[in-house]
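**Student:** What follows is a structure written as structure tokens; I'll ask about it next.
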Amino acid sequence: MKYFHAHHVNLLQEDIYPSIAFYDDIDDPIDFVILSQDANNELILTLNDTDSEFINVIEKIKLLHDTVMIQIKPSHAERVDYDYIEIECDENMNDIRASLKIVCQHHNILM
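For the sequence shown, counting from 1, position 77 maps to 83 in our numbering; every step adds exactly one.
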């Protein structure tokens, strides 16, 4: 499981492809998770500790109090190096939920 505390969360809507970025430091992030959508409406997961982008590997996303839980599909957990990603957030969870709905709009993974 990957865990970190995200002090900053940004929804980016460059062109028509939305993404949401969770990171620990706005100026020099050490830990980050980025969820983005591509032209084919695929959901892309990018992590700070890998040089890879993982496409459609997320089984579900849950929001619990001040935490975002991302569950990786079991068939992809070894490749991603994690089965869960837990992100504790300082930002308003209603705003995060709204942003995740935009990014995940073509996927039935948001719980």
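From the three backbone atoms N, C-alpha and C, an ideal C-beta is built for every residue, glycine too.
Return yes when at least one heavy atom of the ligand PLP lies under 7 Å from the C-beta of Ile93, else no.
**Tutor:** The ligand content of the structure shown is nil, which means the ligand PLP is not present either.
**Student:** Hey, which unbroken runs of the beta strand (DSSP E) at 3 residues or more fall wholly within the region 29-102?
**Tutor:** 38-43, 49-53, 59-61, 64-70, 73-78, 90-95
**Student:** Using the rule of at least 16 other Cβ atoms within 10 Å of the residue's Cβ for burial, across every protein chain shown, is Gln19 buried or exposed?
**Tutor:** So Gln19 counts as exposed.
**Student:** Starting from Leu116 and walking both ways along the beta strand (DSSP E), at which residues does that stretch end?
**Tutor:** Element bounds for Leu116: n/a, residue is neither H nor E.
**Student:** In chain order, what residues of the same chain have a beta carbon less than 6 Å from the beta carbon of Cys110, not counting five sequence neighbours either side?
**Tutor:** Cβ within range, chain order: Leu116.
**Student:** Quick one: residues in its chain with C-beta nearer than 6 Å to the C-beta of Asp96, no 5 flanking neighbours on either side, listed in chain order?
**Tutor:** His13
**Student:** Going by DSSP in three states, Ile26 sits in which element: helix, strand or coil?
**Tutor:** Strand at Ile26.
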